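S.K.: If you read the protein sequences in the order shown, they are chains A and B.
Residue numbers for the first sequence, in the numbering used here: 5 to 255.
Residue numbers for the second sequence, in the numbering used here: 5 to 255.
C-beta: ideal position from N, C-alpha, C; glycine also.
Keep in mind that this is a model prediction, so the values were computed, not measured.
Protein chains: 2
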Amino acid sequence: MSVPPGQADSADFIPCAHDYQVSCGNCRLNAICLPLALESEDIDQLDRIIQRSKPLQKSQHLYRQADEFESVYAVRSGALKAYRTTDDGREQVTGFYFPGEILGFDGIGNNAHASSAKALETSAICEIPFSSLQKLSSLMPNLQRHFFQLMSREITEDQQLITLLSKNSADERVAALMLSISTRNARRKLSATQFRLPMSRVDIGNYLGLTVETVSRVFSRMQKLSILRVDNKEIEILDPAGLRHMANLSH
Amino acid sequence: MSVPPGQADSADFIPCAHDYQVSCGNCRLNAICLPLALESEDIDQLDRIIQRSKPLQKSQHLYRQADEFESVYAVRSGALKAYRTTDDGREQVTGFYFPGEILGFDGIGNNAHASSAKALETSAICEIPFSSLQKLSSLMPNLQRHFFQLMSREITEDQQLITLLSKNSADERVAALMLSISTRNARRKLSATQFRLPMSRVDIGNYLGLTVETVSRVFSRMQKLSILRVDNKEIEILDPAGLRHMANLSH
DNA sequence: GCGGCGTCTTGATACACGTCAAGACAAGCG
DNA sequence: CGCTTGTCTTGACGTGTATCAAGACGCCGC
Chain A
5 MSVPPGQADS ADFIPCAHDY QVSCGNCRLN AICLPLALES EDIDQLDRII QRSKPLQKSQ
65 HLYRQADEFE SVYAVRSGAL KAYRTTDDGR EQVTGFYFPG EILGFDGIGN NAHASSAKAL
125 ETSAICEIPF SSLQKLSSLM PNLQRHFFQL MSREITEDQQ LITLLSKNSA DERVAALMLS
185 ISTRNARRKL SATQFRLPMS RVDIGNYLGL TVETVSRVFS RMQKLSILRV DNKEIEILDP
245 AGLRHMANLS H
Chain B
5 MSVPPGQADS ADFIPCAHDY QVSCGNCRLN AICLPLALES EDIDQLDRII QRSKPLQKSQ
65 HLYRQADEFE SVYAVRSGAL KAYRTTDDGR EQVTGFYFPG EILGFDGIGN NAHASSAKAL
125 ETSAICEIPF SSLQKLSSLM PNLQRHFFQL MSREITEDQQ LITLLSKNSA DERVAALMLS
185 ISTRNARRKL SATQFRLPMS RVDIGNYLGL TVETVSRVFS RMQKLSILRV DNKEIEILDP
245 AGLRHMANLS H
């Protein structure tokens, strides 16, 4: 297996032939992924259970809805979307996941994944087998607490999305998503004002409960107002305050 | 403190002068709340940390958004709603909680409650201090697993609501809520076809991302189609199959 | 380079639900 | 009892977003 060429656009990817052997201790994302006061002894234990064998190509699945639940996953580079398929065959995108973020928690409840996860671009993944994680959590109270917190935050974020879908206009929804991506970029020490969207307009619309056309129109409107510069998937936030205003206050 | 009079409409309430001293071992809801293979020894340990001191009157708060997070709570009788207040002062109902169900998980993430919880009618509550729960979880792998599962299910349910809000019509949303309440009633060995809604039309609309007027019109429509009999908060499901059809397939 | 095929944009039209308004009903209280 | 207040219902109308349709753009293989 050779190292895929042209990782230039993936700032989180560590260009090293044996990159899948990085440990949590030296991973530059650990401040996001594991902001814990763990002894290096503890980190070693964690390292031992984590598997880093899965570089995922664009549009490949990490797991599928109804698959048996075995692990949760941390994104090391790239980006993923999670989505569920309803009884009548339609899809609902439930989240986008960027480097340092963890997905798969929705599978614990019934021992089967409640959603599917698909790579939006070439992505490197850390797999964390849940049974090992449970054992380790019993021994390391910090770790147990950390995973309770991660799940709790997922709940909080879902509730924010619920509010967004329930109460906000198309403009507000798109603005909120742009701000969310901007914030998450900043957390990874990337530009908060310039980035490339890994997902399509269809995915954005699906996630926000809007049609592609509406999303497109909102982007055009924002561009006309000089809040954003939009060049296909390339986004530049020209007026952060205006964007925040558009997301929150405008009724 | 005297026992409140007139609990006749609250089927889950155990009419006993010292009812706040029931233990998990003999609580008739434990199959829902704690479906665990726990030794009676373990149950005793759990009993010891749980506090049952809080009978809540209608419209009283169990906790408020931004309150310090200390406990999660199990509903013993009555019903509650959880809601968050957005920056611009509007409210979003994020869930309804019935006997046997546990709420408060959204507070773990940042050590502060991310939502408020308010009693929709007189309710009895079991308080489970989270720090004790964490310690106990480390000792009892089953218990740890159980709470991971509960949180995971909360995530799954939130995602179902996201899908509902994002993809479904007013008819479908209301139908889905009625089915959800029906199912949860059945789980508690109550009628799946006849029940009294503890929440107002405003709450329903808020939860489902609809106005009161729309909710009311949907109920009228359902009544005209002989799917439901609606008498203010009293609901009778006349045509369960029709209701299911209305919730799922109709487009 | 050129053709083909997604993805994205833009415009015209339709409709589901929101908004506004008024009346009906229920509950609490002097 | 009648008054008040809040909740619920029903109707008429307006609007934001979906839908339908067509064209523009970008990407890839040949």
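Over what stretch of residues does the beta strand (DSSP E) that includes B/LYS85 continue unbroken?
M.R.: Position 81 of the second sequence holds residue 85 of chain B. Counting along the chain, the beta strand (DSSP E) containing B/LYS85 begins and ends at 84 to 89.
S.K.: Taking all protein chains shown into account, decide if A/SER135 is buried (16 or more other Cβ within 10 angstroms of its Cβ) or exposed.
M.R.: The count along the first sequence starts at 1 and reaches residue 135 of chain A at position 131. So A/SER135 counts as exposed.
S.K.: Express the C-alpha separation of B/GLN138 and B/LEU181 in angstroms, rounding to a whole number.
M.R.: Sequence index remark: in the second sequence, residue 181 of chain B carries index 177 (1-based). Sequence index remark: in the second sequence, residue 138 of chain B carries index 134 (1-based). In a straight line, the C-alpha of B/LEU181 is about 33 Å away from that of B/GLN138.
S.K.: Of all the CB atoms in chain A, is at least one closer than 8 Å to the CB of B/ALA118?
M.R.: Reading the second sequence from its first residue, position 114 is the one you call residue 118 of chain B. With 8 Å as the cut-off, B/ALA118 counts as an interface residue toward chain A.
S.K.: Could you have a look at B/CYS20 and say whether DSSP puts it in helix, strand or coil?
M.R.: Numbered from 1 along the second sequence, position 16 holds the residue referred to as residue 20 of chain B. Residue confidence is low: B/CYS20 scores 44 on pLDDT, short of 50, so the model does not pin down where it sits. Its coordinate-derived value is still stated next. It is coil, neither helix nor strand.
S.K.: List, in chain order, every chain A residue whose beta-carbon is nearer than 7 Å to that of B/GLN153.
M.R.: For the purposes of this step, residue 153 of chain B is taken as the residue at position 149 of the second sequence. Ordered by position in chain A, the residues that pass the 7 Å Cβ test against B/GLN153 are ILE112, GLY113.
S.K.: At what residue ranges does the region 44 to 119 of chain B contain a whole run of the beta strand (DSSP E), taking only runs of 3 or more?
M.R.: Listed in chain order, the complete beta strand (DSSP E) runs (minimum 3 residues) inside the region 44 to 119 of chain B are 55 to 60, 65 to 67, 75 to 81, 84 to 89, 95 to 101.
S.K.: Between A/SER127 and A/VAL76, how many whole angstroms is the CB-CB distance? I'm expecting something under 8 Å.
M.R.: Walking along the first sequence from the start, residue 127 of chain A turns up at place 123. Walking along the first sequence from the start, residue 76 of chain A turns up at place 72. Not really, about 15 Å apart at Cβ, beyond 8 Å.
S.K.: Shorter than 8 Å from the beta carbon of B/ASP2 to some beta carbon of chain A?
M.R.: No statement about residue 2 of chain B is possible, as the shown extent of chain B runs from 5 to 255 and does not include it.
S.K.: Given a limit of 7 Å on CB to CB distance, which residues of the region 82 to 100 of chain B reach chain A?
M.R.: Answer in chain order: ARG88, THR90, ASP91, ASP92, ARG94, GLN96, THR98.
S.K.: By the DSSP assignment, the alpha helix (DSSP H) with B/ASP235 in it spans what residues?
M.R.: By one-based count along the second sequence, residue 235 of chain B stands at place 231. Segment 232 to 235 is the beta strand (DSSP E) holding B/ASP235; no alpha helix (DSSP H) there.
S.K.: Relative to the C-alpha of A/TYR87, which residue among B/ALA123, B/ASP46, B/GLN164, B/MET155 is closest?
M.R.: Numbered from 1 along the first sequence, position 83 holds the residue referred to as residue 87 of chain A. Comparing Cα positions, the closest option is B/GLN164.
S.K.: What is the DSSP secondary structure of A/GLY246, counted as helix, strand or coil?
M.R.: Locating residue 246 of chain A in the first sequence gives position 242, counting from the first residue. Of the three classes helix, strand and coil, the one that applies to A/GLY246 here is helix, per DSSP.
S.K.: Are the CB atoms of B/ALA190 and B/MET250 within a distance shorter than 8 Å?
M.R.: Stepping through the second sequence from its first residue, residue 250 of chain B is reached at position 246. Stepping through the second sequence from its first residue, residue 190 of chain B is reached at position 186. Going by C-beta atoms, B/MET250 is not nearer than 8 Å to B/ALA190.
S.K.: For A/ALA83, which residues of its own chain have a beta-carbon under 7 Å away from its beta-carbon, when the five flanking residues on both sides are left out?
M.R.: Here the question's residue 83 of chain A lines up with position 79 in the first sequence. PHE100, TYR101, PHE102, LEU124, GLU125, SER127, PRO202, listed in sequence order.
S.K.: Which ranges would you report for the beta strand (DSSP E) in the region 115 to 163 of chain A if only whole runs of at least 3 residues count?
M.R.: 120 to 123, 127 to 133, all fully within the region 115 to 163 of chain A.
S.K.: First and last residue of the beta strand (DSSP E) that includes A/ARG200?
M.R.: Here the question's residue 200 of chain A lines up with position 196 in the first sequence. From DSSP, the beta strand (DSSP E) with A/ARG200 extends over 198 to 200.
S.K.: Within the same chain, show all residues whose beta-carbon is closer than 6 Å to that of A/VAL97, passing over the 5 residues directly before and after it, in chain order.
M.R.: As a first step, residue 97 of chain A must be located in the first sequence, where it is residue number 93. LYS85, TYR87, ASP207, ASN210, TYR211.
S.K.: Which residue marks the beginning of the alpha helix (DSSP H) containing B/ASN34, and which one marks its end?
M.R.: Taking the second sequence and counting its residues from 1, one reaches residue 34 of chain B at position 30. Per DSSP, B/ASN34 belongs to the alpha helix (DSSP H) from 34 to 37.
S.K.: Measure the Cβ-Cβ separation of B/ASN146 and B/ALA35 and say whether it is below 8 Å.
M.R.: The residue given as residue 146 of chain B occupies position 142 in the second sequence. The residue given as residue 35 of chain B occupies position 31 in the second sequence. Going by C-beta atoms, B/ASN146 is not nearer than 8 Å to B/ALA35.
S.K.: Are the CB atoms of A/ALA70 and A/ALA121 nearer to each other than 8 Å?
M.R.: Along the first sequence, read from residue 1 onward, the residue named residue 70 of chain A stands at position 66. Along the first sequence, read from residue 1 onward, the residue named residue 121 of chain A stands at position 117. No, the pair does not count as a contact, with Cβ atoms beyond the cut-off.
S.K.: To which residues does DSSP link B/ILE241 through a beta bridge?
M.R.: Along the second sequence, read from residue 1 onward, the residue named residue 241 of chain B stands at position 237. B/LEU232.
S.K.: Give the residues of chain A in contact with B/ASP162, contact being defined as C-beta atoms less than 7 Å apart.
M.R.: Within the second sequence, residue 162 of chain B is the residue found at index 158, counting from 1. Going along chain A in sequence order, the residues near B/ASP162 (Cβ under 7 Å) are ILE159, ASP162, GLN163, ILE166.
S.K.: So is B/ASN30 buried or exposed if we call it buried at 16+ other beta carbons inside 10 Å?
M.R.: What you label residue 30 of chain B is simply residue 26 of the second sequence in a count that begins at 1. Classification of B/ASN30: exposed, given that the 10 Å Cβ count is below 16.
S.K.: Under a CB-based cut-off of 8 Å, is B/LEU169 close to chain A?
M.R.: By one-based count along the second sequence, residue 169 of chain B stands at place 165. Interface residue, yes.
S.K.: Rounded to the nearest angstrom, what separates A/ILE54 and B/SER156 at their Cα positions?
M.R.: Working through the first sequence from its first residue, we reach residue 54 of chain A at position 50. Working through the second sequence from its first residue, we reach residue 156 of chain B at position 152. The straight-line gap from Cα to Cα measures roughly 21 Å.
S.K.: Give a yes or no on whether the minimum CB-CB distance between A/GLY104 and chain B is below 8 Å.
M.R.: As a first step, residue 104 of chain A is located in the first sequence; it is residue number 100 there, counting from the start. So, not an interface residue.
S.K.: My assumption, with CB atoms under 8 Å, is that B/SER186 sits in contact with B/ALA196. Please give the rounded CB distance.
M.R.: Residue mapping note: residue 186 of chain B aligns to position 182 of the second sequence, counting from 1. Residue mapping note: residue 196 of chain B aligns to position 192 of the second sequence, counting from 1. Correct: roughly 5 Å between the Cβ atoms.
S.K.: By alpha-carbon positions, which one of B/SER170, B/GLN148, B/ARG149 ends up nearest to A/THR215?
M.R.: On the first sequence, position 211 is the one that residue 215 of chain A refers to. Checking every option, the nearest Cα to that of A/THR215 belongs to B/SER170.
S.K.: Residues in the same chain with beta-carbon distance under 6 Å from A/PHE73, minus the five sequence neighbours each way, listed in chain order, please.
M.R.: Mapped onto the first sequence, residue 73 of chain A falls at position 69. Taken in chain order, the residues that qualify are GLY111, ASN115, ALA116, HIS117.
S.K.: Using the three-state DSSP reduction, which class does B/SER27 fall into: helix, strand or coil?
M.R.: Position 23 of the second sequence, counted from the start, is the residue given in the question as residue 27 of chain B. B/SER27: coil per DSSP, three-state reduction.
S.K.: So B/THR160 packs on A/GLY113, CB below 8 Å; how close in whole Å?
M.R.: As a first step, residue 160 of chain B is located in the second sequence; it is residue number 156 there, counting from the start. As a first step, residue 113 of chain A is located in the first sequence; it is residue number 109 there, counting from the start. Confirmed, Cβ separation roughly 6 Å.
S.K.: Can you check which of these residues, A/GLU217, A/HIS150, A/PRO133, A/GLU105, is closest to A/ARG192 by C-alpha distance?
M.R.: Locating residue 192 of chain A in the first sequence gives position 188, where the first residue counts as 1. Looking at the Cα atoms, A/GLU105 is the closest of the given residues.
S.K.: Tell me whether A/GLY93 is buried or exposed, calling it buried when 16 or more other Cβ atoms sit within 10 Å of its Cβ.
M.R.: What you label residue 93 of chain A is simply residue 89 of the first sequence in a count that begins at 1. A/GLY93 should be labelled exposed.
S.K.: Using 8 Å as the limit for Cβ to Cβ distance, is A/PRO133 near chain B?
M.R.: If you number the first sequence from 1, residue 133 of chain A lands on position 129. Judged by the 8 Å Cβ criterion, A/PRO133 is not in contact with chain B.
S.K.: Are A/ASP278 and A/CYS37 touching if we call contact CB-CB under 8 Å?
M.R.: With chain A covering 5 to 255 only, the question about residue 278 of chain A has no answer from this structure.
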